[in-house]
Amino acid sequence: MLILKHVEYEIADSAQLESLLSHLKETTSQVDGITFNDIYFKNDKKEFVLFLECESEEKYLEWREICPPPQGAKDWYEILLNRVRV
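Under this note's numbering, the first residue of the sequence shown is numbered 24, with each subsequent residue one higher.
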């Protein structure tokens, strides 16, 4: 399944972005069954979306315990299931 994790938070500069990317790669490597794929930003840059591949919602929630959103940020997630091939 694909998890779209929305985070309402403004990244201040490229150094903060590099730090965030490093942290995401490190924390996702600590939980089997979750992979960080990419990060996308909305036009206003006050929200970003993480694309994560997960074995299950439980794996995502396990990862979120070790990688909570930045202090003061609002976050939510969507689950996209794999399409069924016929």
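Glycine included, each C-beta is placed from N, C-alpha and C at the ideal position.
Reduced DSSP secondary structure (H/G/I, E/B, other) of residue i
{"i": "E88", "result": "helix"}
{"i": "E49", "result": "helix"}
{"i": "L104", "result": "coil"}
{"i": "K69", "result": "coil"}
{"i": "E81", "result": "helix"}
Member of the options whose CA lies at the smallest distance from the CA of residue i
{"i": "Q94", "options": "I26, L25, V30", "result": "V30"}
{"i": "K69", "options": "D36, L103, N105, L25", "result": "D36"}
{"i": "I34", "options": "E80, L43, K97, L27", "result": "L43"}
Cβ distance (whole Å) where residue i is taken to contact residue j below 8 Å
{"i": "Y83", "j": "I57", "result": "6 Å"}
{"i": "F64", "j": "K48", "result": "Not quite, the Cβ-Cβ distance comes to about 18 Å (not below 8 Å), so this is no contact."}
Beta bridge counterpart(s) of residue i as assigned by DSSP
{"i": "Y32", "result": "Partner(s): none; Y32 has no beta bridge."}
{"i": "E76", "result": "L25, T58"}
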